[in-house]
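This report concerns only the one structure given below.
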Amino acid sequence: MATPCLATVRPVADFSRVNVRASATTTAAILQEIEVGSSGLKVLEVKPDERGQSINGRVYQWFKVALPNGKEGWLRDDLLEIVGDCALFGYGELALPARAANLTRDIRPAGGSPGGVAPSPTPVDPAAEERARKAAFNITAGFEGGGYDTYQNYDTGVVSYGRFQSTLSGGGLEQLLDLYLSKATGSSAEQLRKQYMPRVRLKDPELRNDAGFKSLLLRLARDPMMQAAQNQYATNAYWNAAQRQSMLPRGIKTPLGQALVFDMAINHGNWGAERDFLRPAEQSLGAAIQSKLGENGLTEEQLIERAAKIRRDRLYALAAARGWGGLRPRGDFWVNLVEDGDWQLEGDEKGEILIKSGKKVQVKKP
12 MATPCLATVR
22 PVADFSRVNV
32 RASATTTAAI
42 LQEIEVGSSG
52 LKVLEVKPDE
62 RGQSINGRVY
72 QWFKVALPNG
82 KEGWLRDDLL
92 EIVGDCALFG
102 YGELALPARA
112 ANLTRDIRPA
122 GGSPGGVAPS
132 PTPVDPAAEE
142 RARKAAFNIT
152 AGFEGGGYDT
162 YQNYDTGVVS
172 YGRFQSTLSG
182 GGLEQLLDLY
192 LSKATGSSAE
202 QLRKQYMPRV
212 RLKDPELRND
222 AGFKSLLLRL
232 ARDPMMQAAQ
242 NQYATNAYWN
252 AAQRQSMLPR
262 GIKTPLGQAL
272 VFDMAINHGN
282 WGAERDFLRP
292 AEQSLGAAIQ
302 SKLGENGLTE
312 EQLIERAAKI
322 RRDRLYALAA
332 ARGWGGLRPR
342 GDFWVNLVED
352 GDWQLEGDEK
362 GEILIKSGKK
372 VQVKKP
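Under the working numbering, think of the first position of the sequence shown as 12, with each following residue one higher.
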């Protein structure tokens with residue numbers, strides 16, 4: 012008898028438990044948590060994300076599984092490895108465990124032959140995709156401040172915190188801290204939850220000079236769960252959003268191109284990257300808005316080069332108008348990187364890129 016299709020919860024960042032949902036989307040109710048490493052979960056059903064959420068052009072698939080306590084719930088494919096006879100769900104027969112998100116699911120049309128054998132799953136290259144994301148994160152974090160404990164309170168953000176400077180006034184800090192508290196335990200997490208989160212939700216301007224709040228955030232930055240939360244928040248709020256809104260519609264695929272779009276999204280907002288740079292670049296080159304590269308007469312290199320120059324000019328204008336000379340190196344960096352032709356973000360002999368005077372970041376093996 013063939014082994015049934017079974018799932019195992021795989022490690023995710025630094026989290027020891029993951030959420031089980033009531034349906035196939037991250038907005039569904041959380042039924043319970045399940046420990047990383049839980050195995051032997053019988054797969055009952057698989058279907059695409061109900062809201063069409065995707066990454067790099069691939070729509071997430073959700074697995075309904077039988078839980079150890081006898082209940083049933085949904086887990087997303089990037090949380091799972093599967094093994095056994097999974098042909099019924101479009102994954103063929105898997106003799107060895109495989110990460111579900113690395114497999115291409117064969118979804119048969121309605122009325123298709125029920126007895127057919129699904130083709131062998133086709134692996135994608137998640138390692139290359141993940142390297143591009145991490146390289147982009149290293150570059151942008153280098154401009155934003157660099158460290159998980161980066162903290163400043165001297166501008167309109169009131170309090171800006173972390174690798175990507177999530178701000179109190181913009182609401183990003185609240186979302187980041189909520190993500191952290193959804194997993195964290197311990198006295199420091201409880202202090203944050205009870206003493207400061209009500210004020211964070213109100214965007215209390217008095218937090219700008221609250222020494223206790225600053226001390227707590229700096230202490231939490233040493234917690235691996237906070238570091239994981241900072242990266243996950245940037246992935247959810249900016250990287251994935253930029254993929255959906257800007258990269259995938261156009262077919263922006265090079266690590267350099269994707270890194271520039273992400274950097275613009277962090278620096279100017281996801282819509283700002285579109286409105287101020289990508290769309291003006293297309294218009295100046297005579298291409299339709301969000302048209303597919305290669306089909307619109309443009310190469311990716313042409314679009315990214317033009318967007319980088321438009322952004323450099325914008326940053327130079329801001330620097331002149333407001334006396335913020337520190338904006339210029341960020342604009343220059345991307346234009347120079349395009350001119351150097353390092354589209355795969357290979358860096359120097361050590362795999363590093365100089366992003367500004369005295370500051371190098373690892374991009375080849377981030």
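Think of the CB as a built atom: it goes at the ideal place given N, C-alpha and C, for glycine as much as any other residue.
As the structure is a computational prediction, the values presented were derived from the model and not from experiment.
I'd like to confirm the pairing. Which residues does DSSP put opposite residue i in its beta bridges?
i      : result
Tyr172 : Tyr162, Ser177
Lys371 : Leu365
Asp96  : Pro15, Glu104
Ile66  : Arg69
Asn5   : This structure cannot speak to residue 5, because the chain is shown only from 12 to 377.
Ala109 : Ile93
Val20  : Leu91
Assuming residue i contacts residue j (C-beta within less than 8 Å), just tell me the rounded distance between them.
i      : j      : result
Ser171 : Leu187 : Going by Cβ atoms, the distance from Ser171 to Leu187 rounds to 11 Å, so no, they are not a contact pair.
Ile150 : Ile366 : 6 Å
Asn281 : Ala252 : 5 Å
Val31  : Gln43  : 5 Å
Leu55  : Trp73  : Actually they are not in contact, since the Cβ atoms of Leu55 and Trp73 sit about 11 Å apart, beyond 8 Å.
Glu363 : Gln373 : 5 Å
Ile66  : Gln254 : 6 Å
Ala152 : Phe175 : 6 Å
Gly63  : Val57  : With a Cβ gap of about 16 Å, Gly63 and Val57 do not count as contacting.
Ala330 : Leu338 : 4 Å
Do residue i and residue j have their C-beta atoms within less than 9 Å of each other?
i      : j      : result
Ala111 : Asp89  : yes
Ala328 : Leu348 : no
Glu92  : Ala18  : yes
Ala270 : Ala147 : yes
Val346 : Arg323 : yes
Asp189 : Gly173 : no
Phe154 : Asp274 : yes
Leu267 : Asp353 : yes
Glu293 : Leu309 : yes
Glu61  : Ala33  : no
Glu46  : Val20  : yes
Val94  : Leu78  : no
Arg116 : Pro377 : no
Gly182 : Lys145 : no
Phe26  : Met236 : yes
Gln163 : Gly156 : yes
Lys370 : Gly358 : no
Tyr191 : Ala245 : no
Pro340 : Ser368 : yes
Gly48  : Pro22  : yes
What are the start and end residues of the beta strand (DSSP E) that includes residue i?
i      : result
Trp73  : 72-77
Val349 : Here Val349 belongs to no beta strand (DSSP E); instead the alpha helix (DSSP H) covers 339-351.
Arg59  : What sits at residue 59 in the sequence shown is Pro, not Arg. It spans 52-59 - the beta strand (DSSP E) in which Pro59 sits, taken as one unbroken run.
Could you give the first and the last residue of the continuous alpha helix (DSSP H) run that contains residue i?
i      : result
Arg87  : Unbroken run through Arg87 is the beta strand (DSSP E), 83-87; no alpha helix (DSSP H).
Leu42  : Note, Leu42: premise wrong, no alpha helix (DSSP H); beta strand (DSSP E) at 41-46.
Arg290 : 290-295
Thr151 : 137-155
Tyr249 : Segment: none, Tyr249 is in no alpha helix (DSSP H) and carries neither H nor E.
Gly268 : 266-279
Ala330 : 311-333
Tyr191 : 183-192
Lys225 : 222-231
Pro6   : Beyond the ends of the chain as shown, which are 12 and 377, falls residue 6; an answer cannot be given.
Ser257 : Unbroken run through Ser257: none, as it is neither H nor E.
Ala299 : Here Ala299 belongs to no alpha helix (DSSP H), and DSSP marks it neither H nor E.
Ala200 : 198-202
Using 8 Å as the cut-off, classify the Cβ of residue i as near or not near the heavy atoms of the ligand NAD, replying yes or no.
i     : result
Glu92 : As for the ligand NAD, it is missing from this structure, which has no ligand bound.
### Task
Could you tell me whether the stretch 258-276 touches the stretch 302-315, where touching means 3 or more Cβ pairs closer than 8 Å?
yes
### Message
Quick check: the stretch 229-244 against the stretch 187-203, are at least 3 beta-carbon pairs closer than 8 Å?
### Response
yes
### Task
Would you check if the stretch 207-215 and the stretch 249-260 touch, i.e. whether three or more CB-CB distances between them fall below 8 Å?
no
### Task
Spell out a yes or no on whether the stretch 278-293 and the stretch 162-171 are touching, meaning 3 or more CB-CB pairs, one atom from each, closer than 8 Å.
no
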